[in-house]
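Input: a single structure, listed below in structure tokens.
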Amino acid sequence: MKRILRIPRLFSALCCFLAAVCAWISAAPTAAADDETVPTYRVGYIAVPGFFTKDKAGTFRGSGYEYLEHLATYADCRFEYVDLTGVRTSTSLLDGTVDLLVGSTSSLLDPRFLRSEHSIGRTPLQISLAKGVGSAPPELLRIGYYVNAYPPAFLRRELDRFYPEGGYTLLPYDDFHTIDDDLLAGRLDGVANDGLHPQRGAKPAGNLRMVTHYILYRPDEAALKARLDDAANDMLTVTPYLQYMLALRQEQRGAPLFLTSEEKAWLAAHPHIRAFASPSQAPYAYFEFGVHKGVVQDIIDRIEQDLGIQFDIVETANNEELFTRLDRGEADVMCDFFYDYNWAHQHNMVITNPYLTVNYVLVHRRGRYVPDDPIIAAPRSRNFTHQYIERTYPERNIRYYDTDEDCLRAVESGYADIAAIKSISAQALIYKNGLFLLEAENAVVYTQGTSIAVSSRVDPIFVRILNKEIAHLDPTLIQSDINRETRAMTEHAPVTALIYRSPVETFALFLVFFLLVLAGVLFFFHVRRSHVAEISRLAYLDPVTKLRNERWFEKELPLAIARHAKERAAGKLYLAAICVRQLDYYRATYSRPLLAKTFVGEIYRTSDALPWFDIFAVAGDRARLFMLWALPQGLTPQQAAEKLAHSASVVPFGDVMTRIRYHVSALRIPKAGTLVIPDLMNTVSTTLATARAQNQPFVLFDDSMRDQLAWASKIESIAPRALAEQEFEVFYQPKYDLQTGALVGAEALVRWQSKELGFLPPGRFIDVFERNGFAVRLDYYMLGHVARFLERRIRRGLPVVPVSVNQSALHISEGGYLQKMKETSEAYGLPDGLIDLEITETAFVDFKTKEARENSRHIIDELKSYGYATSMDDFCTGYSSIAMLQNLPMGTMKIDRSILLAAEHDDRSARILENVIKLGSDLGMKILCEGIETEAQERLLKELGCTYGQGYLYAKPMNEKDFESFMADHLQ
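Letter by letter, the sequence shown follows residues 5 to 976 of the numbering used here.
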């Protein structure tokens, strides 16, 4: 039975579905038929901002477009819009490309067209000047015009008001495209055109007269014209001000300001205008310390700037005094006058068009009932009082006061129920005067225009000028002035305003604030411990290696020494330091962070297997480690160093196992006495530096090293005074051409004639100066002496040769180095290349990163741009020679004496020297070898192709006087 019942149900559902499909199919043609009953007309237009435009998204905008869409609703039709910008609009209408045309400038009497009964809008007839024509045009302007739009007599009548007779000539054109071409080509200075037809090569300079625009039809489209005219009548009956509303909605900027010569002359003759303005209506208009401020003043400022005049505004106590003095003729202008001609006639004034619209709202006591027959507080001598209050409220209910502030106080005190105040001033006056029991309603009860009133004694031309300026004012900027002034007033409201207006909310706010402060204090004390611990951890932790740093080591070392009092007393407690041997090589091969992490990590791993390790930390340069050793009996510090170096000798750099050797220094902690931790740290660091300088695997600090430290301390202490007293003397060692023996240059070498220590060669002090940084000051001292020496010889007309000056590697990281070198070069003005800067290849040890390469090249390029030559000193002694050649464009390769000595006795070394010389020559570098002391060495260098030499064989270093004599003998 159930199976039988299912069949009729399925059949019924199927029938319903088929019926729905048939209904949809039958309805589709009907809808199409309905669409066909709505006619569609093609409308030709010219793209003009504000009137008719189409954006990239295909959206139409403008007053002309919106007018036609309104019209389509009443005409029961549709419009398709065709952009005719850049083509002949009249031709497109006549040949049927479009059915109607908007914005045409063809004459209304043109027999080729029918025009609509109603206008579609009005635009100004403009004078537009070419982009190359400034505010002061040539004596005779060439002005083009469209002959089918404007008769020449009409244009001359308008142009004669702005240009003197003979100041222009009119050139007729029968199409807009030729006008565009001639403007761009400079054959026209300007064009008379309406706002719907802007010219590509010109910018509007001013308006001449308003022009009315219509819809144009072909003569055979009389039925279409009648249909759309009837629809326009119906539309404008319902909305008579439609064109004005649409144009106003599109307006965003003011009109161009175009003054006649007569108007300009009047302004030039009247640079100061006596004026009054309303007082006590902040932020609308008010005085502060005798200076007028507010929205009105902001607008007056714009007028003054545009017209080049100044309004001298005089302060008055209230409106009654203002109008009394105005009637006596004490001012020529009132800046904010009620836009009412009757009110103006009463005070013998002529008013301009309004520049501002002001709304009035009612103010009453907060929470108080306003009676049906309220008492209203009104300001005296205000047109608003006469026009609104006295016409709206019975005389018995009006109480008069001098100012708006007095009116508000009367309402707060209960002498009045309400007051009518400008909406932009109401809230500001309430805040400013502390009238917190009052509130302003939102409903607007009255609207007035604000204009400028000019005394009837003043030439009416000033009113016409002001009307042009008011039309020129940008409405958006005026609204911005209103917003800024209103916000400034309310932002400076006192705290009491919040308390009085919202006591419950204020109490809740302060309660919340108190609770937040309390919670913050508790939270602060809660996390302070953890924060202090974290700060301490960061202060004592190296960010790259994640090990304790040198600062932590200095702090913890006294405690660690105290823990090992027994080992100290036994002479088995040592402070040690370790670093990688051939550090420059590894820095040139691996990045510094990787090198530091690998080195420190390996020592850290090894320390676990050496029980006499106590504490250790990484130094600031991440190239050294400080350690405290508590050695057991029978283990010497040298043996401990060897164990440490052996345990950490194989180090993984990525996936590559690399064998590394170390320098280790050690200092025995004194068995007794007070310890100065920084001195201990400096001593072990100096000892490690000695191990590096002597290339020793281990150095134990002893008495001889104590003497070296004392020597270093001595010369460090007297070096600044010695430099100031010029104890350092410049010696010159000549350079010569190996083939001819001719003098080609010299190297400046330093000698120290110390008052305390006697004569000192560089080997006694240079290393110390490199360690403590004094070498930087000494280099500048040497550079200055050499520059002055060369400058004096040039000034005396004597011959000079290039002199090379050594530059410490410390300069590379010195702040302001390039600026100082530039200033030195500019101070002496020596010829380019006369000073040669010798820079050791170890100064640039890191060429692994792009940043390091670019920085190194930048330094060399800048030095060369200042006029310095550059030489690569001590070539083949470091670990980055090839990288330096590749990245740094130096002019001279100076080969170190050590490779020359090796080449004398070893063929392999000689072959290396030969290829080094060839490599430098192929790179276009000058090749010089230093330290030539024998004729055999000189012959070898000649055979290998070396160009220049320097050494005792040719000449020893000599003082300045002897070098001058040497030059006199060798520069014949």
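The C-beta atom is built at its ideal place from N, Cα and C for all residues, glycine as well.
Quantities reported herein were computed from a predicted structural model and do not represent experimental measurements.
With 16 other Cβ atoms within 10 Å as the buried cut-off, status of residue i
i	result
phenylalanine 293	exposed
threonine 407	buried
proline 738	buried
cysteine 19	Because the pLDDT of cysteine 19 is 48, which lies under 50, any placement of that residue in the model is unreliable, and the question is left without a value.
arginine 552	buried
asparagine 1011	Only positions 5 to 976 of the chain appear in this structure, which leaves residue 1011 out of reach.
alanine 32	With a pLDDT of 43 at alanine 32, under the threshold of 50, the modelled position of this residue cannot be trusted; read the value that follows with caution. Result: exposed.
serine 1	A query on residue 1 cannot be resolved here, the shown segment of the chain reaching from 5 to 976 and no further.
isoleucine 921	buried
glutamine 301	buried
threonine 687	buried
valine 531	exposed
phenylalanine 732	buried
proline 615	exposed
glycine 575	exposed
alanine 972	exposed
arginine 372	exposed
Residue range of the unbroken alpha helix (DSSP H) whose run includes residue i
i	result
arginine 191	That residue, arginine 191, is in no alpha helix (DSSP H); it is neither H nor E in DSSP.
isoleucine 921	911 to 926
asparagine 323	323 to 331
leucine 561	554 to 567
methionine 786	778 to 799
isoleucine 456	Isoleucine 456 -> not in any alpha helix (DSSP H); beta strand (DSSP E) instead, spanning 442 to 459.
glutamate 751	Taken as a continuous stretch (DSSP letters only), glutamate 751 belongs to no alpha helix (DSSP H), being part of the beta strand (DSSP E) at 747 to 758.
arginine 231	226 to 242
aspartate 305	299 to 311
threonine 896	Where threonine 896 is concerned, there is no enclosing alpha helix (DSSP H), although the beta strand (DSSP E) it sits in stretches over 896 to 899.
aspartate 410	408 to 417
Whole-angstrom C-beta distance between residue j and residue i, which should lie under 8 Å
i	j	result
alanine 564	arginine 555	The Cβ separation is near 15 Å, so there is no contact.
proline 562	isoleucine 681	6 Å
alanine 979	phenylalanine 262	Here the chain has residues from 5 to 976 only, and residue 979 is not among them.
alanine 4	valine 365	Because residue 4 is not part of the residues shown, which for the chain are 5 to 976, the question remains open.
methionine 239	leucine 75	6 Å
glutamine 941	glutamate 908	7 Å
leucine 175	isoleucine 147	7 Å
leucine 470	threonine 356	5 Å
leucine 428	tyrosine 290	Inspection of the sequence shows that residue 428 is occupied by isoleucine rather than by leucine. Contact flag wrong, Cβ pair sits at about 12 Å.
arginine 628	valine 548	That belief does not hold up - the Cβ atoms of arginine 628 and valine 548 are roughly 14 Å apart, past 8 Å.
tyrosine 221	leucine 104	6 Å
alanine 321	proline 375	The Cβ separation is near 33 Å, so there is no contact.
alanine 420	isoleucine 456	Contact doesn't hold; Cβ gap of about 32 Å is too wide.
leucine 577	alanine 634	6 Å
proline 115	asparagine 211	About 30 Å; that fails the 8 Å criterion.
aspartate 331	asparagine 387	The pair is not a contact, with the Cβ atoms about 14 Å apart (cut-off 8 Å).
valine 47	arginine 82	So it is not a contact: roughly 10 Å between Cβ atoms.
Host beta strand (DSSP E) of residue i (start-end)
i	result
glutamate 277	Per the sequence shown, residue 277 should be read as isoleucine rather than glutamate. Unbroken beta strand (DSSP E) run through isoleucine 277: 276 to 280.
aspartate 376	No beta strand (DSSP E) contains aspartate 376, which DSSP labels as neither H nor E.
asparagine 686	Looking at the DSSP string, asparagine 686 is not in any beta strand (DSSP E); the run it does join, the alpha helix (DSSP H), is 681 to 697.
alanine 831	Careful: alanine 831 lies outside any beta strand (DSSP E), inside the alpha helix (DSSP H) at 821 to 832.
phenylalanine 657	654 to 657
isoleucine 673	Run containing isoleucine 673: none; DSSP gives neither H nor E here.
tyrosine 172	172 to 177
serine 808	807 to 811
aspartate 741	732 to 741
glutamate 84	82 to 87
Any non-hydrogen atom of the ligand MN within 7 Å of residue i CB
i	result
leucine 794	Although the ligand MN was asked about, the structure shown includes no ligands whatsoever.
C-beta neighbour in chain C for residue i, strict 8 Å
i	result
tyrosine 404	Structure shown: chain C not included; a single protein chain is present.
Original post:
Hey, is the stretch 635 to 648 in contact with the stretch 575 to 582, meaning 3+ C-beta pairs nearer than 8 Å?
Top reply: yes
**OP:** Decide if the stretch 700 to 711 is in contact with the stretch 651 to 667; the criterion is three or more beta carbon pairs, one per stretch, under 8 Å apart.
**Re:** yes
**OP:** Examine the Cβ distances between the stretch 712 to 719 and the stretch 932 to 945 and report whether three or more of them are shorter than 8 Å.
**Re:** no
Subject >> the stretch 918 to 934 contacting the stretch 896 to 906, beta-carbon criterion three pairs below 8 Å >> reply: They touch, by the three-pair rule.
Original post:
Does the stretch 326 to 339 come close enough to the stretch 277 to 285 that 3 or more CB-CB pairs lie under 8 Å?
Top reply: yes
Original post:
Is the number of C-beta pairs between the stretch 812 to 832 and the stretch 777 to 785 that are closer than 8 Å three or more?
Top reply: yes
Original post:
Can you find at least 3 beta carbon pairs, one from the stretch 958 to 973 and one from the stretch 736 to 753, that sit closer than 8 Å?
Top reply: With a cut-off of 8 Å on Cβ pairs, the stretch 958 to 973 is in contact with the stretch 736 to 753, counting three or more such pairs.
Original post:
Does the stretch 184 to 196 touch the stretch 57 to 71, meaning 3 or more C-beta pairs lie closer than 8 Å?
Top reply: no
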